[in-house]
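Remarks on the structure that follows.
Residue numbers (this note's numbering): 1 to 126.
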């Protein structure tokens, strides 16, 4: 066996091992991991409607608003621009009680929309 044949055999073996390894990753789902941040999806438009109907009594809900009707209620835009809350942070905030905030139970089917809206504020000019 000469060096040229040996090189071809080695290259072919490497290609076979790589193909097997890659197919194993695809089958196991490891090829495209899902980040937790991507797991929460909703409609920002529906979230804005919900925020306008329910949250705007206390919170500034529009991009660029720096103060809320209720002084202790943070503006939504500061949650994602100054503090940079993740979707999971916002989800936790929406599902737990706070002494400064009335126990507003955001229904599960509205939560993803509200989170999508709040997160969309990070993309808008402040």
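Glycine residues also receive a C-beta, built at the ideal position from the N, C-alpha and C atoms. Owing to the predicted nature of the structure, the values given are computational and were not obtained by experimental measurement.
Review point. Between which two residues does the alpha helix (DSSP H) containing residue 54 stretch?
Key: Numbered from 1 along the chain shown, position 54 holds the residue referred to as residue 54. First-last for residue 54: undefined, no H or E at that position.
Point to revise | Nearest-angstrom Cβ-Cβ length linking residue 80 and residue 115, presumed shorter than 8 Å | key: Locating residue 80 in the chain shown gives position 80, where the first residue counts as 1. Locating residue 115 in the chain shown gives position 115, where the first residue counts as 1. By a beta-carbon distance limit of 8 Å, residue 80 does not contact residue 115. Their separation comes to about 10 Å.
Point to revise | Bridge partner(s) assigned by DSSP for residue 101 | key: Sequence index remark: in the chain shown, residue 101 carries index 101 (1-based). Under the DSSP definition of a beta bridge, residue 101 partners with 98.
Point to revise | Same chain only: Cβ atoms within 7 Å of residue 65, ignoring 5 sequence neighbours per side | key: Taking the chain shown and counting its residues from 1, one reaches residue 65 at position 65. Counting only Cβ-Cβ distances below 7 Å, and skipping sequence neighbours, we find 75, 77.
Check your understanding: Nearest to residue 73 by CA position, among 122, 92, 57, is which residue?
Key -> Your numbering for residue 73 matches position 73 in the chain shown. Taking residue 73 as reference, the option from 122, 92, 57 with the minimal CA-CA separation is 57.
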